[in-house]
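Count along the sequence shown from 1, add 1072, and you get the number used in our numbering.
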Amino acid sequence: MAQKIETLGMMALSLVLMGQWVFLRGFGAEVPVLVALASGASIFGAAFALSWAAEAAQKDIPASLSVAFIALLAVLPEYAVDIYFAWQAGQDPTYTQYATANMTGANRLLIGAGWPMVVFAYWWKSKRTVVELKKGENTEMFFLLAATVYSFSIPLTGTIGPFDSAVLLILFIAYIATIARSAVVEPELEGPAELIGALPTAGRRLVVFGLFAFAGVAIFLAAEPFAEALLETGRHAGIDEFILVQWLAPLASETPEFVVAILFALRLKPNIGFAALLSSKVNQWTLLISMLPLAFSVSAGTLGAMQLDERQSHEVLLTSAQSLFALIVVIDLRFGIFEALALLGLFAVQLAWPDPAVRMAFVWIYLGGAVAMFVLRPTVRERLIALVTHWPGKRG
């Protein structure tokens, strides 16, 4: 009974967080810090609501549709903010830096903080230092590898354009088509999603639809003011707007997903938590990036590419290098606590030290680490070769 009350309290808090911005917006809130906090909290609450509704929806949506639907909804808050920046960049090119900042920040936060937290939570609960991953993650790893290899071309060209959109969108569609053919299993629901999933069919569908609708409206109303308030807050406080957008905006949208993954780890189901974050990384590294030039082009009224300056190119390169290093770390299907510490430590140092020269040094550290593991660890080498030479849909 106590757990049910706690779960209902979490759902109520999520609704309050979403609703308070609608209330404040109606009264014309204008103070940048207040707007950033209130609209950010609304996105935070909406992200939790979407994650619960998406999990519960697996009981009702056909498998071929649910995979794509849930993959999109899980990162909708992140997409909303980043696509807003890309749309604005179509009219004011200075916004390109913010779209790039938000995209790179979200991807690096997911790997640098999210992935290690699953291992730490599992160790805290079980005292086991290694999470054994399942071969079912082969598909995600294959497409993450393909997207990562392609992503290195973006800083080389200095643009994110329609061709990049096409390649990454094809990868995302291929990924969705591949996992849609996988065996269907009964979803393992936790917390609010479990409570919603236990409702009678009609009631469950009504609650899921209501959460989707309310969260969608909250995100629509909060994305623009949140983005603009962040920029205005940075200007007033003398904080680099690029850094503020790169880390604060993704934190609001990514945290609920981290919490869900950590809860699975604490319930001794770290594979489920890590699988969700791995899938999210594939989604962000393919679909999210592919949407940016499309939003940019529609806004500009002509097909065009977003031009990256040197700083933005370096940030994409660093994100690509981190992605490759992280993939090599887990490619042997074992994710240990020392590897998690390495991912978190490297992320924390480069986060605290945004100097361009330091950024480039970390590019070489990540790439050097990936090469060293490939050369020195036979299992890594064998798994990587197997991943490259076999189509994931044919794996067991």
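Glycine is no exception: its CB is placed at the ideal position from the N, C-alpha and C atoms.
Residue i: which of the options sits nearest, CA to CA?
| i | options | result |
| --- | --- | --- |
| residue 1117 | 1095, 1089, 1102 | 1089 |
| residue 1357 | 1438, 1212, 1335 | 1212 |
| residue 1429 | 1382, 1459, 1404 | 1382 |
| residue 1207 | 1280, 1307, 1404 | 1404 |
| residue 1079 | 1182, 1262, 1379, 1305 | 1262 |
| residue 1265 | 1082, 1433, 1167, 1198 | 1082 |
| residue 1322 | 1181, 1199, 1251 | 1181 |
| residue 1399 | 1432, 1196, 1427, 1459 | 1459 |
| residue 1149 | 1462, 1324, 1424 | 1324 |
| residue 1293 | 1272, 1112, 1185 | 1112 |
| residue 1179 | 1250, 1352, 1276 | 1352 |
| residue 1235 | 1377, 1414, 1451 | 1377 |
| residue 1284 | 1122, 1320, 1453, 1461 | 1122 |
| residue 1449 | 1226, 1401, 1461 | 1401 |
| residue 1342 | 1198, 1451, 1076, 1184 | 1198 |
| residue 1184 | 1290, 1461, 1457, 1424 | 1424 |
| residue 1461 | 1276, 1217, 1195 | 1217 |
| residue 1250 | 1282, 1276, 1275, 1214 | 1214 |
| residue 1164 | 1196, 1373, 1195 | 1373 |
Which residues does DSSP list as the beta-bridge partners of residue i?
| i | result |
| --- | --- |
| residue 1213 | Beta-bridge pairing links residue 1213 to no other residue. |
| residue 1378 | 1232 |
| residue 1202 | 1408 |
Assuming residue i contacts residue j (C-beta within less than 8 Å), just tell me the rounded distance between them.
| i | j | result |
| --- | --- | --- |
| residue 1410 | residue 1438 | Actually they are not in contact, since the Cβ atoms of residue 1410 and residue 1438 sit about 17 Å apart, beyond 8 Å. |
| residue 1114 | residue 1092 | 7 Å |
| residue 1364 | residue 1232 | 6 Å |
| residue 1124 | residue 1344 | Contact flag wrong, Cβ pair sits at about 15 Å. |
| residue 1369 | residue 1162 | 7 Å |
| residue 1191 | residue 1442 | The pair is not a contact, with the Cβ atoms about 19 Å apart (cut-off 8 Å). |
| residue 1222 | residue 1202 | Going by Cβ atoms, the distance from residue 1222 to residue 1202 rounds to 31 Å, so no, they are not a contact pair. |
| residue 1043 | residue 1354 | Residue 1043 lies beyond the range of the chain shown here (1073 to 1468); nothing can be said about it. |
| residue 1346 | residue 1407 | 7 Å |
| residue 1230 | residue 1394 | Between residue 1394 and residue 1230 the Cβ distance is about 20 Å, and since that is not below 8 Å, they are no contact. |
| residue 1434 | residue 1390 | 6 Å |
| residue 1209 | residue 1340 | Wrong, their Cβ atoms sit about 18 Å apart, outside the cutoff. |
| residue 1326 | residue 1417 | Contact flag wrong, Cβ pair sits at about 19 Å. |
| residue 1444 | residue 1295 | At roughly 41 Å, the Cβ-Cβ gap does not stay under 8 Å, so residue 1444 and residue 1295 are not in contact. |
| residue 1244 | residue 1392 | Rounded, the Cβ-Cβ distance is 17 Å, inconsistent with contact. |
| residue 1287 | residue 1156 | The pair is not a contact, with the Cβ atoms about 17 Å apart (cut-off 8 Å). |
| residue 1415 | residue 1188 | 5 Å |
Beta-carbon within less than 7 Å of residue i's beta-carbon, same chain only, minus the 5 sequence neighbours each way: which residues are those?
| i | result |
| --- | --- |
| residue 1110 | 1092, 1093, 1096, 1101 |
| residue 1366 | 1237 |
| residue 1154 | 1171, 1174, 1175, 1360, 1364 |
| residue 1455 | 1403, 1404 |
| residue 1193 | 1334, 1337, 1338 |
| residue 1432 | 1386 |
| residue 1304 | 1104 |
| residue 1318 | 1173, 1174, 1176, 1177 |
| residue 1320 | 1302 |
| residue 1226 | 1232, 1236, 1388 |
Leaving out five residues before and five after residue i in sequence, what residues of the same chain have Cβ atoms less than 8 Å from its Cβ?
| i | result |
| --- | --- |
| residue 1041 | Because the chain spans 1073 through 1468 in this model, residue 1041 falls outside it and cannot be assessed. |
| residue 1314 | 1169, 1170, 1173, 1383 |
| residue 1280 | 1125, 1128, 1129, 1132, 1268 |
| residue 1136 | Note on residue 1136: pLDDT 46, under 50, position unreliable in the model; no value is reported. |
| residue 1426 | 1312, 1315 |
| residue 1085 | 1117 |
| residue 1447 | 1453 |
Taking the alpha helix (DSSP H) that residue i falls in, what are its first and last residues?
| i | result |
| --- | --- |
| residue 1326 | 1313–1338 |
| residue 1461 | 1450–1461 |
| residue 1224 | Neither: residue 1224 is in no alpha helix (DSSP H) and is coded neither H nor E. |
| residue 1169 | 1168–1181 |
| residue 1115 | 1104–1129 |
| residue 1296 | 1273–1309 |
| residue 1261 | Element bounds for residue 1261: n/a, residue is neither H nor E. |
| residue 1186 | From DSSP, residue 1186 is part of no alpha helix (DSSP H); its letter is neither H nor E. |
| residue 1403 | Where residue 1403 is concerned, there is no enclosing alpha helix (DSSP H), given that its DSSP letter is neither H nor E. |
| residue 1160 | 1148–1161 |
| residue 1426 | Unbroken run through residue 1426: none, as it is neither H nor E. |
| residue 1270 | Premise fails: residue 1270 is in no alpha helix (DSSP H) and is neither H nor E. |
| residue 1353 | 1342–1355 |
Return the chain-ordered list of same chain residues with a C-beta closer than 6 Å to the C-beta of residue i, the five sequence neighbours on each side being excluded.
| i | result |
| --- | --- |
| residue 1159 | 1367, 1371 |
| residue 1306 | 1313, 1316 |
| residue 1120 | 1086, 1328 |
| residue 1422 | 1434 |
| residue 1290 | 1090, 1114, 1118 |
| residue 1224 | 1392 |
Residue i CB to nearest chain D CB: under 8 Å?
| i | result |
| --- | --- |
| residue 1129 | The chain inventory of the structure shown lacks chain D, comprising one protein chain alone. |
Got a sec: does the ligand SAH put a non-hydrogen atom nearer than 7 Å to the Cβ of residue i?
| i | result |
| --- | --- |
| residue 1288 | By its list of ligands, the structure shown contains no ligand whatsoever, and the ligand SAH lies outside what it can speak to. |
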